[in-house]
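At position 84 of the sequence shown (counting the first as 1) the number is 84 in this note's numbering, and the numbers step up by one without a gap.
No residue lacks a Cβ here, since even glycine has one placed at the ideal position from N, Cα and C.
It should be emphasised that the depicted structure is a prediction, and the values quoted were computed from it without experimental measurement.
Working notes, beginning with the structure itself.
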Amino acid sequence: MTTFRGIKKQVTAQNLLESKIIDQKLFEDLSLGKVTVDQVSNMDSVRKYLQGTDCIAGVFVQSTKQTMSIYEAKSKGLLTPGTSLVLLEAQAATGFMVDPLNNKKLSVEEAVSQGVVGTEWKNKLLSAEKAVTGYTDPHTGNTISLFQALKKDLIVKDHGIRLLEAQIATGGIIDPVYSHRVPVEVAYQRGYFDKEMNQILSDPSDDTKGFFDPNTQENLTYLQLLDRCVRDPRTGLRLLVIVKKGEFYFYIDEHTKRVLQSTITYKAGGKFQGKEVSLWDLIYSEYIEEEIKRDLVQRLKSGTITIDYFLEQILMIVQQKTSSVTVTTTTTTTTTKCPTFHGIKSK
Numbered sequence: 001m002t003t004f005r006g007i008k009k010q011v012t013a014q015n016l017l018e019s020k021i022i023d024q025k026l027f028e029d030l031s032l033g034k035v036t037v038d039q040v041s042n043m044d045s046v047r048k049y050l051q052g053t054d055c056i057a058g059v060f061v062q063s064t065k066q067t068m069s070i071y072e073a074k075s076k077g078l079l080t081p082g083t084s085l086v087l088l089e090a091q092a093a094t095g096f097m098v099d100p101l102n103n104k105k106l107s108v109e110e111a112v113s114q115g116v117v118g119t120e121w122k123n124k125l126l127s128a129e130k131a132v133t134g135y136t137d138p139h140t141g142n143t144i145s146l147f148q149a150l151k152k153d154l155i156v157k158d159h160g161i162r163l164l165e166a167q168i169a170t171g172g173i174i175d176p177v178y179s180h181r182v183p184v185e186v187a188y189q190r191g192y193f194d195k196e197m198n199q200i201l202s203d204p205s206d207d208t209k210g211f212f213d214p215n216t217q218e219n220l221t222y223l224q225l226l227d228r229c230v231r232d233p234r235t236g237l238r239l240l241v242i243v244k245k246g247e248f249y250f251y252i253d254e255h256t257k258r259v260l261q262s263t264i265t266y267k268a269g270g271k272f273q274g275k276e277v278s279l280w281d282l283i284y285s286e287y288i289e290e291e292i293k294r295d296l297v298q299r300l301k302s303g304t305i306t307i308d309y310f311l312e313q314i315l316m317i318v319q320q321k322t323s324s325v326t327v328t329t330t331t332t333t334t335t336t337k338c339p340t341f342h343g344i345k346s347k
């Protein structure tokens with residue numbers, strides 16, 4: 001039987017087909033050996049559902065250029081216990097605890113035994129991990145999802161919404177039975193999500209902004225806080241920046257984000273060749289270094305460059321990095337799209 005590595009266990013090709021993660025042709029090609037499990041696993045559209053996308057893995061201290069775990073940042077007084085716990089619960093609920101120094105994904109048990117988190121939070125994190133492995137319905141004994149547990153009042157509403165939002169921001173809602181994420185329409189069909197909850201998360205109020213930016217004292221959604229993180233050049237992990245009072249804090253505001261998301265091109269190379277891609281997705285791709293992104297965004301926000309020039313520069317960098325396609329940047333196609341959760345929009 002053809003199987004793939006899911007979040008906590010193996011996933012069959014049949015599971016992926018039924019969950020609309022692969023189509024019938026790809027399923028048949030797998031069965032006939034025309035494509036391998038590795039080839040399919042590495043497709044962006046499949047990997048997102050099998051392993052998810054980035055979570056907030058740790059902390060980057062701007063003044064010392066030091067990377068540390070969220071728990072260590074709490075221990076050193078850089079994060080409050082409350083902020084730290086919420087971020088660690090989000091890690092547990094999105095698949096794994098993360099050791100950002102050694103670039104390791106761990107279960108809660110492993111993270112505690114290896115000292116990545118303290119024993120005092122073990123029970124809370126094991127509880128959050130049930131968002132991945134499933135909750136037990138006290139009436140039927142069946143395994144149910146995070147959303148179903150929320151609907152049955154098995155978990156506190158604010159806590160459940162926070163974990164659900166983190167799942168959606170990191171690739172999609174997790175099916176605890178099959179141990180992978182599912183497209184939103186499949187989540188609807190399986191009772192793991194509904195339109196009312198989608199509306200709550202798509203139009204967040206202060207009540208549903210369950211995450212805190214320690215630099216600005218703002219309440220944010222997980223996705224907003226994730227967008228403010230930097231990528232570790234060594235590991236590729238996303239790190240929450242901690243700045244001292246008086247230091248410059250760089251992040252992309254919501255208006256600039258919408259402009260970047262609505263600037264669409266078909267001219268990028270590499271893995272985007274021949275595809276529609278937003279400027280937002282391009283600057284967060286592996287082709288663009290953090291400093292270049294930061295410089296261009298700051299110049300755009302200050303009005304010293306136009307969005308067309310920004311796109312032209314990014315396309316040139318992607319071309320240089322991939323050397324696989326000649327990029328012309330004489331025209332820019334822009335369309336306006338409503339901001340939405342990465343895990344909900346199709347890519």
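Local conformation of Ser346 per DSSP, three classes: Here residue 346 refers to the residue found at position 346 when the sequence shown is read from its first residue. Reliability fails at Ser346, whose pLDDT of 27 lies under 50, so the model's placement of it is uncertain and no value is given.
Endpoints, beta strand (DSSP E) assigned at His180: What you label residue 180 is simply residue 180 of the sequence shown in a count that begins at 1. Start and end: 180-182.
Minimum C-alpha distance to Ser179 - residue among Lys48, Ala268, Met43, Gln39: If you number the sequence shown from 1, residue 179 lands on position 179. For Ser179, the nearest C-alpha among the options comes from Lys48.
Run of the beta strand (DSSP E) containing Arg162, from where it starts to where it stops: By one-based count along the sequence shown, residue 162 stands at place 162. Counting along the chain, Arg162 falls outside any beta strand (DSSP E), though it belongs to the alpha helix (DSSP H) covering 157-169.
Inter-residue Cα distance where the pair is Asp99 and Glu72: As a position in the sequence shown, residue 99 is number 99, starting the count at 1. As a position in the sequence shown, residue 72 is number 72, starting the count at 1. Approximately 11 Å between the Cα atoms of the pair.
Nonlocal neighbours in the same chain, by C-beta distance under 8 Å from Thr2, ignoring five residues either side: In the sequence shown, residue 2 corresponds to position 2, counting from 1. Closer than 8 Å at Cβ, skipping near neighbours: Thr12, Ala13, Leu30, Ser31, Val37.
For Thr304 and Ala92, the rounded distance between their alpha carbons: On the sequence shown, position 92 is the one that residue 92 refers to. On the sequence shown, position 304 is the one that residue 304 refers to. Taking the straight line joining both Cα atoms gives about 42 Å.
Bridge-paired residues (DSSP) for Glu218: Counted from its first residue, the sequence shown places residue 218 at position 218. Answer by DSSP bridge pairing, in chain order: Asp213.
Contact check, Phe27 vs Leu17, beta carbons under 8 Å: The sequence position of residue 27 within the sequence shown is 27, counting from 1. The sequence position of residue 17 within the sequence shown is 17, counting from 1. Judged by their CB atoms, Phe27 and Leu17 are nearer to each other than the 8 Å cut-off.
Runs of alpha helix (DSSP H) wholly within the segment 64-128 (minimum 4 residues, chain order): 70-75, 81-93, 108-113
Spatially closest choice to Ser285 from Arg231, Leu126, Asn219, by CA coordinates: Taking the first residue of the sequence shown as position 1, residue 285 is located at position 285. Among Arg231, Leu126, Asn219, the Cα nearest to that of Ser285 is on Arg231.
Cβ pair Leu78, Val59 closer than 8 Å: Taking the sequence shown and counting its residues from 1, one reaches residue 78 at position 78. Taking the sequence shown and counting its residues from 1, one reaches residue 59 at position 59. Contact: yes.
Closest by C-alpha distance to Leu237, when choosing among Asn103, Gln66, Tyr135: Taking the first residue of the sequence shown as position 1, residue 237 is located at position 237. That would be Asn103, whose Cα lies nearest to the Cα of Leu237.
Distance CB(Gln62)-CB(Val184) smaller than 8 Å: Translated into positions along the sequence shown, residue 62 becomes position 62. Translated into positions along the sequence shown, residue 184 becomes position 184. The answer is no: Cβ separation not under 8 Å.
One or two residues paired with Arg238 in a DSSP bridge: On the sequence shown, residue 238 is found 238 positions in, with the first residue counted as 1. Ile56, Arg231.
Local Cβ density within 10 Å of Met316, reported as buried at 16 or more and exposed below that: For the purposes of this step, residue 316 is identified with residue 316 of the sequence shown, where counting begins at 1. So Met316 counts as exposed.
Where Ser278 sits in the DSSP three-state scheme: Against the sequence shown, residue 278 aligns to sequence position 278. Three-state result, Ser278: strand.
Cβ-based neighbour list, Lys9, same chain, cut-off 7 Å, excluding 5 preceding and 5 following: Counting from 1 along the sequence shown, the entry for residue 9 is found at position 9. Ser179, listed in sequence order.
C-alpha gap between Thr83 and Asn15, whole angstroms: The sequence position of residue 83 within the sequence shown is 83, counting from 1. The sequence position of residue 15 within the sequence shown is 15, counting from 1. As the crow flies, the alpha-carbon of Thr83 is around 36 Å from that of Asn15.
Endpoints, the beta strand (DSSP E) within which Phe4 is located: Locating residue 4 in the sequence shown gives position 4, counting from the first residue. Unbroken beta strand (DSSP E) run through Phe4: 3-5.
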